[in-house]
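*Asks:* So the protein lines, in turn, are chains A and B.
Taking the working numbering, the leading residue of the first sequence gets 1, the next gets one more, and so forth.
Taking the working numbering, the leading residue of the second sequence gets 1001, the next gets one more, and so forth.
Right, I'll just put the structure down here and ask away after.
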Amino acid sequence: MSEQQPLQDVSKMAIPTIPSLSPQVPKQNGLWSSNPVFSYLNDVYTNIAEHRKSLGLTNPGTVENLSKEVTRDVFANQYFFTGLRADLNKAFSLNPAFQTSHTLSIGSENLPPYAFSALYAKEDFFVQGNVDNDLSFSGKVNYGWDEHNISKVTLQIAHNQPVMCQLEQDYQANDFSINVKALNPTLLNGGFTGVAVASLLQSFTSKFAVGIESMYSRQALSLPPDSAVNYFARYNAGNWIATAQLQAQGALVGSFWRKVTDRVEAGLETQLVASVKPITDSMMGTPIGYEPVVEGQTTIGAKYEYRQSVFRGQLNSAGKVAVFMEKRVLPTVSILFSGEIDHLKNSSKLGVGLQFESAGNEQLMLMQQGLVDANGNPVPGAPQM
Amino acid sequence: MATYQLSLSDESKERLAKVLDYSRTLAHYGFIPFILYLGWKASPTKPSLFNLLSPFPSA
């Protein structure tokens, strides 16, 4: 022990690395930061960090939300449904948010006849579960460790089907985002099987960001693993956003979003897919070779937001016209309408729905009807009870 | 190629499969009741189970 004493003393001394420079930046006096090599590295790191800060970069969002403004906000695809449906939402509390929902549907292609879902959300914690009449279950838990780190778990369990479990970690720094996720990862079969995806999106100027995503998947140990790399770019100029994606399967996707006026947004997405398709003999039906195929599709859409209603319409180059309308007829009742006409195939789809908001207690009920505000005070101009 | 083999005996593998199966069942049937419990605890008027599950307004 006595031999170690001098070493500790030396390490506790602050040794100036650049003698001419004074005053010294106060440093932690551990061995790791005071020795010349690490001190130099720390200086370099600090310089780079300061330079990055001086560029005024902002967080570019995540790769998952790259073209969110077009594909999720403007386009109707996500909201589209067919048949008749009724949503009965019931709110019990607003902060933390707690809500249950019953969805009934008839004649739909993808909605189950009955589904129940529950949602609970706090500032840093979000949990949601959904179960339908076949007892198929899907659930989601998000937890924010701090303002930069979010962990997400997604579960899907259905009878007689393998469990889907996705673990995800989001790290959003001042000028870049990293996302790591794994789908059904396991080491039990004698090696890694499942899907692992890692992505990085980095801002280069305050408007321009570039990203890369790589994926590794192995369904079973007996099968060879698959890997893929995708590239992304995004330019956000405030009232318009352009994005581009180059996917490993040979697809090039470009999107453009524009805020036309305060209440109107327009979006355009175009896809070019290059693939290799087998050619089959027209007589025998046996494969005789391969041919490269390039296919393209463009969708253009607009969203109009009014005080009591939202309209979305879109048109694509395959001859499909679709609309989705949501109108609030009473403070607690909305009507949904979705329709699609495929001009090339001469087919159409129609969906009509009703959405009811109800409350689990009296104050929330008055609030939903616009009679009191969030603090329980009467809203000026509201009809008196 | 180096494969990272997880060396487990057959017995512990069986036990692990059982644990995974139990946790699957637990998540399947326990997740929604867990959310309902969290929400019940957080809402100011502790609603009854019937109120929690009925779609109709309960005020």
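Think of the CB as a built atom: it goes at the ideal place given N, C-alpha and C, for glycine as much as any other residue.
Quick test of your reading: P96/A and A118/A, contact by CB under 8 Å. State the CB separation rounded to the nearest angstrom.
*Replies:* In the first sequence, counting from the first residue as 1, residue 96/A sits at position 96. In the first sequence, counting from the first residue as 1, residue 118/A sits at position 118. Actually they do not touch by this definition, with Cβ atoms about 13 Å apart.
*Asks:* State the start and end residues of the unbroken beta strand (DSSP E) segment that holds K1018/B.
*Replies:* Taking the first residue of the second sequence as 1, we reach residue 1018/B at position 18. Premise fails: K1018/B lies in the alpha helix (DSSP H), 1010–1042, not in any beta strand (DSSP E).
*Asks:* Classify T71/A as buried or exposed, calling it buried when 16 or more other Cβ atoms lie within 10 Å of its own Cβ.
*Replies:* Counting from one through the first sequence, the residue named residue 71/A turns up at place 71. It is buried - the Cβ of T71/A has at least 16 other Cβ atoms within 10 Å.
*Asks:* Quick one: measure Cβ to Cβ for E213/A and S199/A, integer angstroms, because I've assumed they're closer than 8 Å.
*Replies:* Within the first sequence, the letter at position 213 stands for residue 213/A. Within the first sequence, the letter at position 199 stands for residue 199/A. With a Cβ gap of about 4 Å, E213/A and S199/A count as contacting.
*Asks:* My output table needs one value for M367/A: the three-state DSSP class, helix, strand or coil.
*Replies:* Within the first sequence, residue 367/A is the residue found at index 367, counting from 1. In the structure shown, M367/A sits in a helix (DSSP, three-state: H, G or I).
*Asks:* Between the C-alpha atoms of S93/A and R328/A, what's the straight-line distance to the nearest angstrom?
*Replies:* Mapped onto the first sequence, residue 93/A falls at position 93. Mapped onto the first sequence, residue 328/A falls at position 328. Between S93/A and R328/A, the C-alpha separation is close to 22 Å.
*Asks:* Taking the alpha carbon of Y79/A as the point to measure from, which residue in S348/A, A91/A, F324/A, N375/A has its own alpha carbon closest?
*Replies:* Position 79 of the first sequence, counted from the first residue, corresponds to residue 79/A. Taking only the C-alpha atoms, the option nearest Y79/A is F324/A.
*Asks:* Along the chain, where does the alpha helix (DSSP H) containing D373/A start, and where does it finish?
*Replies:* The residue you call residue 373/A lines up with position 373 of the first sequence. No alpha helix (DSSP H) holds D373/A; DSSP gives it neither H nor E.
*Asks:* In the region 1041–1057 of chain B, which residues sit with their C-beta less than 7 Å from some C-beta in chain A, listed in chain order?
*Replies:* So the list reads A1042, S1043, P1044, T1045, P1047, N1051, L1052, P1055, F1056, P1057, given in the order they occur along the chain.
*Asks:* According to DSSP, what are the bridge partners of Q247/A?
*Replies:* Position 247 of the first sequence, counted from the start, is the residue given in the question as residue 247/A. Paired residue(s): A251/A.
*Asks:* Along the region 1030–1041 of chain B, where does the CB come closer than 7 Å to a CB of chain A? Name the residues.
*Replies:* The region 1030–1041 of chain B vs chain A, Cβ under 7 Å: F1031, I1032, I1035, L1036, L1038, G1039.
*Asks:* When you compare the CB positions of V74/A and G267/A, do they come within less than 7 Å of one another, or not?
*Replies:* The residue labelled residue 74/A in the question sits at position 74 within the first sequence. The residue labelled residue 267/A in the question sits at position 267 within the first sequence. In contact: V74/A and G267/A (Cβ atoms closer than 7 Å).
*Asks:* Taking a contact to mean a Cβ-Cβ separation below 7 Å, would you say S398/A touches Y143/A in this structure?
*Replies:* Because residue 398/A is not part of the residues shown, which for chain A are 1 to 385, the question remains open.
*Asks:* Counting pairs of beta carbons, one from the region 53–71 of chain A and one from the region 233–251 of chain A, are three or more of them closer than 8 Å?
*Replies:* Cβ pair count under 8 Å is three or more, so yes.
*Asks:* Cβ atoms of P1047/B and H102/A: under 7 Å apart, would you say?
*Replies:* Your numbering for residue 102/A matches position 102 in the first sequence. Your numbering for residue 1047/B matches position 47 in the second sequence. The answer is no: Cβ separation not under 7 Å.
*Asks:* Per DSSP, G144/A is paired with what?
*Replies:* For the purposes of this step, residue 144/A is identified with residue 144 of the first sequence, where counting begins at 1. Note: G144/A sits in a beta bridge opposite I150/A.
*Asks:* Could you give the DSSP three-state label for E50/A: helix, strand or coil?
*Replies:* Residue numbering aside, residue 50/A sits at position 50 when the first sequence is read from its first letter. Residue state, collapsed to three classes: helix.
*Asks:* List the residues that DSSP assigns as beta-bridge partners of Y216/A.
*Replies:* The residue given as residue 216/A occupies position 216 in the first sequence. A196/A, S227/A, per the DSSP bridge assignment.
*Asks:* Specify the secondary structure class of L1049/B as computed by DSSP and reduced to three states.
*Replies:* Stepping through the second sequence from its first residue, residue 1049/B is reached at position 49. L1049/B: helix per DSSP, three-state reduction.
*Asks:* Using DSSP with H/G/I as helix, E/B as strand and the rest coil, what is V74/A?
*Replies:* Numbered from its first residue, the first sequence carries residue 74/A at position 74. Here V74/A sits in helix by DSSP.
*Asks:* Beta strand (DSSP E) containing E295/A: first to last residue?
*Replies:* For the purposes of this step, residue 295/A is taken as the residue at position 295 of the first sequence. 287–305 is the span of the beta strand (DSSP E), which, as asked, contains E295/A.
*Asks:* To the nearest whole angstrom, what separates the beta carbons of L57/A and N160/A, a pair I think is in contact under 8 Å?
*Replies:* Position 57 of the first sequence, counting from 1, holds the residue named residue 57/A. Position 160 of the first sequence, counting from 1, holds the residue named residue 160/A. Not really, about 49 Å apart at Cβ, beyond 8 Å.
*Asks:* Taking only beta-carbon atoms, is R1024/B less than 7 Å away from chain A?
*Replies:* What you label residue 1024/B is simply residue 24 of the second sequence in a count that begins at 1. With 7 Å as the cut-off, R1024/B counts as an interface residue toward chain A.
*Asks:* Could you compute how far the alpha carbon of A391/A sits from the alpha carbon of T261/A?
*Replies:* Outside the shown range of chain A (1 to 385) lies residue 391/A, about which nothing can therefore be said.
*Asks:* What are the partner residues of G351/A, as DSSP defines its beta bridges?
*Replies:* Taking the first residue of the first sequence as position 1, residue 351/A is located at position 351. Answer is G83/A, S338/A, bridged to G351/A.
*Asks:* Nearest by alpha-carbon distance to Q365/A: which of K320/A, V276/A, F208/A, P331/A is it?
*Replies:* What you label residue 365/A is simply residue 365 of the first sequence in a count that begins at 1. What sits at residue 365/A in the sequence shown is Met, not Gln. Of the listed residues, the one whose Cα sits closest to M365/A is P331/A.
*Asks:* Report the neighbours of V163/A on chain B: residues whose CB is nearer than 7 Å to its CB, in chain order.
*Replies:* For this step, residue 163/A is matched to residue 163 along the first sequence. By Cβ distance, chain B contributes R1024.
*Asks:* Let's see if you can read the secondary structure: which residues bound the beta strand (DSSP E) around K277/A?
*Replies:* Looking up residue 277/A in the first sequence gives position 277. Looking at the DSSP string, the run of the beta strand (DSSP E) that includes K277/A is 264–280.
*Asks:* Identify, in the order they occur along the chain, each residue of the same chain with its Cβ nearer than 6 Å to the Cβ of Q369/A, setting aside the five sequence neighbours on each side.
*Replies:* Counted from its first residue, the first sequence places residue 369/A at position 369. Within the same chain, Q369/A has close Cβ partners P331.
*Asks:* How about L354/A: is its C-beta nearer than 7 Å to some C-beta of chain B?
*Replies:* For this step, residue 354/A is matched to residue 354 along the first sequence. No, L354/A lies away from the interface with chain B (no Cβ there is under 7 Å from its Cβ).
*Asks:* In terms of alpha-carbon separation, which member of Q99/A, S309/A, T299/A, S338/A lies closest to T270/A?
*Replies:* Sequence index remark: in the first sequence, residue 270/A carries index 270 (1-based). Taking only the C-alpha atoms, the option nearest T270/A is T299/A.
*Asks:* Under 7 Å between C-beta atoms, does M1001/B make it to chain A?
*Replies:* Within the second sequence, residue 1001/B is the residue found at index 1, counting from 1. With a pLDDT of only 45 at M1001/B, under the threshold of 50, the placement of this residue in the model should not be trusted; the figure read from the coordinates follows. Chain A contact via Cβ: absent.
*Asks:* Opposite M325/A in the DSSP bridges: which residues?
*Replies:* Mapped onto the first sequence, residue 325/A falls at position 325. In DSSP, M325/A forms a bridge with F311/A, F337/A.
*Asks:* Against chain B, does V197/A count as a neighbour if the rule is that its beta carbon must be under 7 Å from one of theirs?
*Replies:* Within the first sequence, numbered from 1, the residue matching residue 197/A stands at position 197. Output row for V197/A: interface = no.
*Asks:* Applying the criterion that 16 or more other CB atoms from any shown protein chain within 10 Å of the CB defines a buried residue, is G107/A buried or exposed?
*Replies:* As a position in the first sequence, residue 107/A is number 107, starting the count at 1. Flag for G107/A reads exposed.
*Asks:* Could you tell me which of N375/A, T154/A, E326/A, S105/A sits nearest to Y306/A, measuring between CA atoms?
*Replies:* Translated into positions along the first sequence, residue 306/A becomes position 306. Answer by Cα proximity: E326/A.
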